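Numbering (the working numbering), first residue to last: 13 to 167. C-beta atoms are modelled at their ideal positions from N, C-alpha and C, and glycine is treated no differently. If you're wondering where the values come from, they're calculated on a predicted model, not measured in any experiment. Here's the structure we're looking at; comments come further down.
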């Protein structure tokens, strides 16, 4: 719970800082290394109070993906949040086998017994990017025998 989270200093925006603290602590409690790079001057300055929700959705998706990785040595979350020269959010995590992408290159929700298990996070990230004219893409990279999903939003 957020009320039990030790708040660390990631950036000057208190809401974004709380989100990052919550997910860092949750990941580390589950043995998932959490790496962050933020420009601490004004990483939280934003046109919309929805940006912390975008960050939370991206980190929640990364956490869920890590929980599906059997090899605990391959688990990690890396977030980069930069505000200048323009806003950039990048989240990396290992990608579970069987992850499916739609024709536009976005991860599709898990489906079990005909019902979506999740998918709202990616939809809300896409909606935010569209509303604010940000470029958003997902890609798969391979490093040290680990496939990882990289989500990048710029703008």
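Boundaries of the alpha helix (DSSP H) around residue 40: 26–41.
The region 110–117 makes no contact with the region 66–74, as fewer than three CB pairs between them are under 8 Å. Inclusion of residue 73 and residue 117 in the CB contact set at 8 Å is not warranted, their separation being larger than that value.
A Cβ-Cβ distance of about 15 Å is found for the pair residue 33 and residue 44, leaving them out of contact under the 8 Å criterion.
Taking the Cα positions, residue 21 is about 13 Å away from residue 93. If you look at residue 95, you'll find it isn't in any beta strand (DSSP E); DSSP assigns it neither H nor E.
With 16 or more other CB atoms across the displayed protein chains lying within 10 angstroms of its CB, residue 104 is buried. As computed with DSSP, residue 113 is found in a beta bridge with 119.
DSSP places residue 142 inside the alpha helix (DSSP H), whose first and last residues are 132–143.
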